Every structure is written in structure tokens, then in C-alpha cells.
Amino acid sequence: MPGLLLIFISTIRFLNQSHDNVIYGQEGTNLNISCASLPGHDVHGLSIKQNNTTLATSNSSIVTLSFNPDRDDNLNEYGCKDQNQRSMVYVTLHVYYAPNVTVILRENSIDCLAADGFPDTYTFDKWEHQSEEGDHVRFVDGLQNGTLILQTIPYQYQMNGRYICAVSNTIRDANGSEYFVYQGSPMFAKENRKIKFAELYKTITLTFLLFSNPMVEHIWIEGVAPGYTKNETINDFNMSETNLKYLDFESNANIKGEQIVFEFKMLSNKYEMYRVWTSNELGEDFFSFNIKATGALIFVPENRNVKHGELDKPLTLTFLIYSDPTIKDIWIERVDTDHNQSKIKLEFMLANLTVPYTAFGNKGYIMCYNITIQTNIVSSIDFHVYKIWATNELGVTSYKFEVIAVESSKIKGKHGYLLITSSSIIACLLVYIIVIHICFSIRKRSRTRRVNIEEPLHYNTYDEIGSISYEAAGFRRLAIDQREPIQQTPTNLNLQDAFSTTNINNPLSMNCTTETDASSTVSDHEF
Numbered sequence: 001m002p003g004l005l006l007i008f009i010s011t012i013r014f015l016n017q018s019h020d021n022v023i024y025g026q027e028g029t030n031l032n033i034s035c036a037s038l039p040g041h042d043v044h045g046l047s048i049k050q051n052n053t054t055l056a057t058s059n060s061s062i063v064t065l066s067f068n069p070d071r072d073d074n075l076n077e078y079g080c081k082d083q084n085q086r087s088m089v090y091v092t093l094h095v096y097y098a099p100n101v102t103v104i105l106r107e108n109s110i111d112c113l114a115a116d117g118f119p120d121t122y123t124f125d126k127w128e129h130q131s132e133e134g135d136h137v138r139f140v141d142g143l144q145n146g147t148l149i150l151q152t153i154p155y156q157y158q159m160n161g162r163y164i165c166a167v168s169n170t171i172r173d174a175n176g177s178e179y180f181v182y183q184g185s186p187m188f189a190k191e192n193r194k195i196k197f198a199e200l201y202k203t204i205t206l207t208f209l210l211f212s213n214p215m216v217e218h219i220w221i222e223g224v225a226p227g228y229t230k231n232e233t234i235n236d237f238n239m240s241e242t243n244l245k246y247l248d249f250e251s252n253a254n255i256k257g258e259q260i261v262f263e264f265k266m267l268s269n270k271y272e273m274y275r276v277w278t279s280n281e282l283g284e285d286f287f288s289f290n291i292k293a294t295g296a297l298i299f300v301p302e303n304r305n306v307k308h309g310e311l312d313k314p315l316t317l318t319f320l321i322y323s324d325p326t327i328k329d330i331w332i333e334r335v336d337t338d339h340n341q342s343k344i345k346l347e348f349m350l351a352n353l354t355v356p357y358t359a360f361g362n363k364g365y366i367m368c369y370n371i372t373i374q375t376n377i378v379s380s381i382d383f384h385v386y387k388i389w390a391t392n393e394l395g396v397t398s399y400k401f402e403v404i405a406v407e408s409s410k411i412k413g414k415h416g417y418l419l420i421t422s423s424s425i426i427a428c429l430l431v432y433i434i435v436i437h438i439c440f441s442i443r444k445r446s447r448t449r450r451v452n453i454e455e456p457l458h459y460n461t462y463d464e465i466g467s468i469s470y471e472a473a474g475f476r477r478l479a480i481d482q483r484e485p486i487q488q489t490p491t492n493l494n495l496q497d498a499f500s501t502t503n504i505n506n507p508l509s510m511n512c513t514t515e516t517d518a519s520s521t522v523s524d525h526e527f
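Take the sequence shown: its position 369, counting from 1, is numbered 369 in the UniProt record's numbering, and each next residue is one higher.
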């Protein structure tokens, strides 16, 4: 019987067993357990059992059990028997499976704990840092015991993300993960730019990117000047979710952050820089920046469109203009709708000057250029309407102005300038003519009345010269003889004669003076 038992035992065997009657498998991997009769032995009706439960049978000389083992199948024993149950062999199944991994987040570290794996010798690989969306950020070396130390970096929020612990026990890697989110004071993102560009005399909208957990509660702007600062609280701002980048780790993966947008008007060239501050319940943070206006050239509103000049004298033209980049070229052209416009390229000087932000109620100042052009007024046609043009790399602009004479600059009508001097002269002449006309009419009526009264008593007829009154002849005699010292009489008579309609020629005057003594019968009293 012992010899028969030896033969019985050696009749069949498991094909994939080791020398110690052990079969190895891996959790989750398909496993085939096969039992066959030895060569030279004709055995039929083989079966594989486990705990008296038949798992596989065959009528041939080989039987196979196929399944996916798990860790619960570890150390199970399987037996193979023939149909007559004269031969029976056993094997033990060893299942390799990854350990259970637990990740614990601590204040400044993450611990990776492995247990219940087979075999129970563990190797910790590099940690993988992923974004919340699962994008790879980087690999991080941890300690040999599975602990990852969270390093301190300037932008601590970039430590946010999912950290995956990889553990190997020679079978395969087991993973455990934990999501880390930084909590603390706000942090302005690395994507913010330190120079904010604005278009002059337009609303300035500032945008900042930051991370804040908890949320931002307060925002204020600080103007930094030598020796003092000035604060302005921002009460009206918009906050929305945005994507930040893992710039410290050179990854394009995204971090959820915040975007703050608000309008800003506290501008002045006195401030060396500005700081925007944010705070939440855990602290505060600031970001320093400067404001730079840029774009095409702009003639500032402080310019005047009327320039005063004098004929044959030098004329200095000044204009205020903002330009960033700097001015490249300047020229002046005459505005003349009847002729072709001619452009005159002039030499000019530039000087820095500060002008107020008139768009913001003259609050603050900004640097601009003062253009100075020297020219001459050589002719009256130089008093005209012109345009000055200026260019830089980003555009071209013009400003319309007029050069007028100094004496004509006091009154300006709808269609041009009126001269005060000419108006005064014309008005005086009109008044003078009216007064002279009235005086002449009064004297003429008075003289006519006196002639009509005295003519019957003092009237003689001269054949050579016609009719004339003694009164007229007497006045002519006084003008020559000058018997009495009356100086105004001849002058009044001459003015009256100048405006009188009586026609007295030179022969009349000669005869009047030579015949008076002989023929006059008028007494001195009557005269």
C-alpha cells in the first residue's frame, strides 16, 4: 500500500506550481491554475476543488481553473483529483496585492501611510502634483518614510492642488491622494504687471489678479509720495473667478483665482508709485504699480485756439501736447478753402510740463510736452487760420488755431473781428456832420431874416457886379481894415461862407473894398 500511495500521488500535478507547492498570482490579473496527469499515465476525469467545492472539471487528462484573484483569495488551498479519487495533489495560492494607502494632510506636510499589502515591503516613489482639473504640474521628492514636506515659496497659493502618493511593493504602484488648498491672507498673482497703461483723459480701469482664501473683504489704493502717503478706499469693485498659472513650476496648468476690476482717479505726478491693498479675515497683501498714459498724441484742453501777433514783429507759438512715445515730427499748414493747402515744416523746441487731469476734475497732474515755435509776421496775410500737426509712432493729430492782429483782438463777431478804432472814427464823423448841418441851417435862416428886414434901407445898384447888401460889404471891409479888435468874426464868416450857397467870387471882394468909403451911406450906428 505505501508503494501504491507513492504512485498515486505522482500520477497528477499542478503545472504552474513552484517547488514548495505554491502558486503565485496578482490581484486583478487573470490567473490560470492547471492540473494534468503525468506522462505515461492515462488518467481521465480530473477536477479542481477548493474547500470541497468543485471549481473546474474535465474528461481529458488536463483541467484548468481560470479566474481573477483578489486579496481575499490569498493563501487559499486548491486540490486536484482524478475521477477515481486515487490521486490528489494540493497547492497554496499566494496573491500579490498593493497595500492600502492613506494620505494625511498636516500643517506643513503630507504623510503617505501604506498597510495590508503583500508583500509588506514598501517603496515610496515621487509625489505627483496635479491641478484641481487633474493636469500635471510637477513631481516632488518626499522622504523615504512617505512624508512630503510642503515648502515655503513667495506665492504660496501655487502649492494648491492634488498630491498623489505612489507606493510600490514589487507588484505594482498603489496610489493615495490628498487635495491641498492654501488658506491665508490674499496674495497678488505673479501675472500682475507693475505698469498699468491708460489712455489720457479717459476713464482708467485697473485689473488685478490675486488668490484669496477666504474671500477679499476690503480694497484700497495708496499713493506713495516722498515723505507721505495718501489712501483712497475703493468701494465699488467687481470680483470674478479667473485662472492663474503655476508659474513657479513652469506649468501651464490652472489654479482658480480671483480677478478684481475697478475705476481709479487718484492720479498725480507727485506720487512715485501706487500700491493696491487687499485684505481678508486672515491678513492683507499689497501690490506696487505705476500708471503710464500712452497712445496717439493729444493736444490737451489747456491750449488756446487764438494767437495774437503784431506785424513785422516776431511771434512765439506755444502748444501743450501729450505724446507717448515721444513726438517725431511737427508741421503747420494754412487753412484756406480757396487754395491748395501748403505744409510748412518748422523747427520746434520741446520741454516737459505738468498739466492737470481735467477729465477728472483737475485731480492730479500728468507730464506732457510744451511745444515752442518761433516765427515772424511779415505780411497782413499772415493773420490767418492754421492747423498744427504732430506725429509719433502710434498716430497723428492736429489742432486748429488762428493768428490775429493785437489791435483787432478785442471784439470778435460771428464772421470775424471788428476794429474798434475804425468804428469810433466813423461814429465821430457822423456826429460831427450832423452837428455842422444843424448849425449851418440855423445860421442860414437867421441871415435870411436879417437881409429881408434891412434890404429896403441899405440897397444900392452896381452895374458891374450886380446886387449885394451893405451888410456883406461891411463885413468884407472889417476883415481888411480891422478897425475893431474882433478876431472870431472873420473865422465864423469863413466857415459860414464855406457851407453857404451864396456865390461870391474874387472880383466881388476887390470891388467891395475899393468903393466903400465913397459910396457907403450907412452910419456906424446902423452897422
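The beta carbon of each residue, even a glycine, is placed where N, CA and C say it ideally should be. If you're wondering where the values come from, they're calculated on a predicted model, not measured in any experiment.
Check	Outcome
Span of the beta strand (DSSP E), counted from its first residue to its last, around residue 314	314-324
Beta-carbon gap between residue 295 and residue 199 smaller than 7 Å	yes
Neighbour-count burial assignment, residue 537, 16 or more Cβ in a 10 Å radius	Missing from the structure shown is residue 537; the chain here goes from 1 to 527 and no further.
Cβ pair residue 285, residue 349 closer than 7 Å	no
Residue range of the unbroken beta strand (DSSP E) whose run includes residue 203	Run containing residue 203: none; DSSP gives neither H nor E here.
Residue 185 - DSSP class collapsed to helix/strand/coil	strand
Rounded separation between residue 227 and residue 268 - CA only	15 Å
Stretch pair the segment 277-292 + the segment 174-191: three plus CB contacts closer than 8 Å	yes
Distance CB(residue 308)-CB(residue 378) smaller than 7 Å	no
Same chain, Cβ closer than 7 Å to residue 102, neighbours up to 5 away in sequence not counted	113 and 176
Extent of the continuous beta strand (DSSP E) to which residue 134 belongs	From DSSP, residue 134 is part of no beta strand (DSSP E); its letter is neither H nor E.
CB-CB length for residue 170 against residue 119, believed under 8 Å	6 Å
Under 7 Å between C-beta atoms of residue 205 and residue 263	yes
Element boundaries [beta strand (DSSP E), containing residue 88]	88-96
In DSSP terms, what residue 176 is bridged to	165
Same chain, Cβ closer than 8 Å to residue 16, neighbours up to 5 away in sequence not counted	23, 32, 33 and 34
Any C-beta of chain B under 7 Å from that of residue 301	Annotation note: the requested chain B is absent from the structure, which comprises a single protein chain.
Near the ligand FAD: residue 167 beta-carbon under 6 Å from a heavy atom	The ligand FAD is absent from the structure shown, which contains no ligands of any kind.
As assigned by DSSP and simplified to three states, the class of residue 382	helix
Under 7 Å between C-beta atoms of residue 293 and residue 330	no
Identity of the residue in 211, 96 and 385 nearest residue 191 by Cα	211
Extent of the continuous beta strand (DSSP E) run through residue 251	251-263
Helix, strand or coil at residue 113 [DSSP, three-state]	strand
Counted within 10 angstroms of its Cβ, other Cβ atoms place residue 108 as buried (16 or more) or exposed	exposed
Residue 123 to residue 136 span [Cα, whole Å]	22 Å
Identity of the residues DSSP links to residue 105 by a beta bridge	110
Distance CB(residue 320)-CB(residue 302) smaller than 7 Å	yes
Residue 377: first and last residue of the uninterrupted beta strand (DSSP E) it sits in	Segment: none, residue 377 is in no beta strand (DSSP E) and carries neither H nor E.
Which of helix, strand or coil DSSP assigns to residue 275	strand
Close Cβ partners of residue 30 (< 6 Å) along its chain, the five nearest in sequence each way excluded	68
Between the CA atoms of residue 164 and residue 147 - distance to the nearest angstrom	12 Å
Span separating the alpha-carbon of residue 46 from that of residue 39	15 Å
Helix, strand or coil at residue 329 according to DSSP, with G and I counted as helix	strand
Residue from 243, 203 and 94 with nearest C-alpha to residue 133	243
Pick from 370, 78, 27 and 374 that is closest to residue 535, judged by C-alpha positions	In the structure as shown, the chain begins at 1 and stops at 527. Residue 535 is therefore absent and cannot be evaluated.
C-beta atoms of residue 237 and residue 260 nearer than 7 Å	yes
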